[in-house]
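Everything below concerns the one structure shown next.
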Amino acid sequence: MFVNNDVMNATTKEERHVIQLNDPEHPVILSTEGLHVYYGKKEALFEGDLQFASNQITALIGPSGSGKSTYLRSLNRMNDRIATVTGKIMYRGVDINQPDIDVYEMRRRVGMVFQRPNPFAKSIYDNIAFALRLRGVTDRHQLDEIVETSLKQAALWDQVKDDLNKSALALSGGQAQRLCIARAIAIKPDILLLDEPASALDPVSTGQLEDTLLSLKAHYTIIIVTHNMQQAARISEYTAFFNQGRVLEYDTTSHIFTNPSVQVTSDYVSGNFG
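Okay, structure coming up:
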């Protein structure tokens, strides 16, 4: 089912093309309805209605300042202290944008990996075990098992298994980013949010990160902001195009990159601006 709206303002006409998901094998796990984000009086995001399919990768693309990172951070309420967010953020049928929501538990289920790797100044092992201990996991055997499983899922175990007590700060950029992914998945989220995770990585590390994400989608729903059009085309099933604070187009990635319904989308993915 497709929803097409013509949105008018005083001087321009913009088309929107936003699909509604209906895949029984990958039901909707997260959606936003009537989402608006304000920084003071400035409205940074509007018309941000999207649905996300479970165990799929969705890419958020668009020029700088288009609202995609603002949108991503709203999904686990990382904007709470700096912005006003209105509208619904529905996670498994519950609006997590309500004041009575346990934000810390919600962020466990909707994890975030930031643009630049930010490992703790601790050992590789303790980077992952730290949050587990805070949540009451003290049994060494259980900790060992979760650390190993998380590092394996992040495709890092074989590289660091003999160096778990070494400082995480000594890792390469690509390794550090995969450690941050391992740290996020150790507490068993449903959803992983990634804000341009490969922007500071070399091509080899970027390829390794993409392979990791492709393997992780069997266990997690992944939403990634990227400026790399080729990356979005390689790894995602769905793509949302943001421009000037709006989602102008949302469809399968193949549709966005081969036959977009909105001219502005076509101009962007063709490299005519952005």
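The letter at position 136 of the sequence shown is residue 136 when you use UniProt numbering, and the numbering goes up by one with no holes. Ideal placement from N, C-alpha and C gives every residue a C-beta, glycine not left out.
Do residue i and residue j have their C-beta atoms within less than 8 Å of each other?
i           : j           : result
residue 220 : residue 195 : no
residue 223 : residue 52  : yes
residue 209 : residue 110 : no
residue 39  : residue 82  : yes
residue 183 : residue 127 : yes
residue 123 : residue 172 : no
residue 247 : residue 49  : yes
residue 54  : residue 24  : no
residue 59  : residue 270 : no
residue 130 : residue 168 : no
residue 197 : residue 115 : yes
So residue i and residue j are supposed to be a Cβ contact under 8 Å. How far apart are they, rounded?
i           : j           : result
residue 178 : residue 200 : About 13 Å; that fails the 8 Å criterion.
residue 76  : residue 85  : Their Cβ separation, rounded to whole angstroms, is 11 Å, which puts residue 76 and residue 85 out of contact at 8 Å.
residue 229 : residue 61  : 7 Å
residue 21  : residue 89  : Residue 21 to residue 89, Cβ: 16 Å. No contact.
residue 181 : residue 113 : 6 Å
Rounded to a whole number of angstroms, what is the C-alpha to C-alpha distance between residue i and residue j?
i           : j           : result
residue 57  : residue 133 : 30 Å
residue 266 : residue 253 : 13 Å
residue 217 : residue 211 : 10 Å
residue 101 : residue 91  : 11 Å
residue 261 : residue 249 : 8 Å
residue 147 : residue 188 : 12 Å
residue 275 : residue 170 : Since the first and last residues shown for the chain are 1 and 274, residue 275 lies out of range.
residue 268 : residue 243 : 10 Å
residue 44  : residue 70  : 8 Å
residue 161 : residue 251 : 40 Å
residue 87  : residue 215 : 33 Å
residue 175 : residue 232 : 21 Å
residue 186 : residue 105 : 14 Å
residue 42  : residue 73  : 17 Å
residue 156 : residue 257 : 32 Å
residue 142 : residue 149 : 11 Å
residue 164 : residue 125 : 5 Å
residue 238 : residue 15  : 19 Å
residue 159 : residue 255 : 38 Å
residue 138 : residue 145 : 12 Å
residue 118 : residue 245 : 28 Å
residue 213 : residue 234 : 11 Å
residue 207 : residue 227 : 15 Å
residue 152 : residue 140 : 18 Å
residue 135 : residue 33  : 32 Å
residue 274 : residue 263 : 14 Å
residue 31  : residue 259 : 25 Å
residue 107 : residue 166 : 28 Å
residue 17  : residue 99  : 32 Å
residue 7   : residue 103 : Unreliable placement is indicated for residue 7, whose pLDDT of 35 sits below 50; no coordinate value is reported for it.
Per DSSP, residue i is paired with what?
i           : result
residue 31  : 51 and 90
residue 41  : Answer by DSSP bridge pairing: none, since residue 41 is not bridged.
residue 65  : Paired residues: none, contrary to the question.
residue 57  : 222
residue 112 : 193
residue 243 : 246
residue 277 : The structure shown does not extend to residue 277, since the chain is modelled only from 1 to 274, so the question has no answer here.
residue 251 : 239
residue 36  : 86
residue 167 : 123
Chain B beta carbons: is any one of them nearer than 8 Å to that of residue i?
i          : result
residue 24 : The displayed structure is made up of one protein chain only, and chain B is not part of it.
Indicate whether the contact test is met: 3 or more Cβ pairs, each with one atom in the stretch 94–103 and one in the stretch 53–73, closer than 8 Å.
Contact fails: fewer than three Cβ-Cβ distances are below 8 Å.
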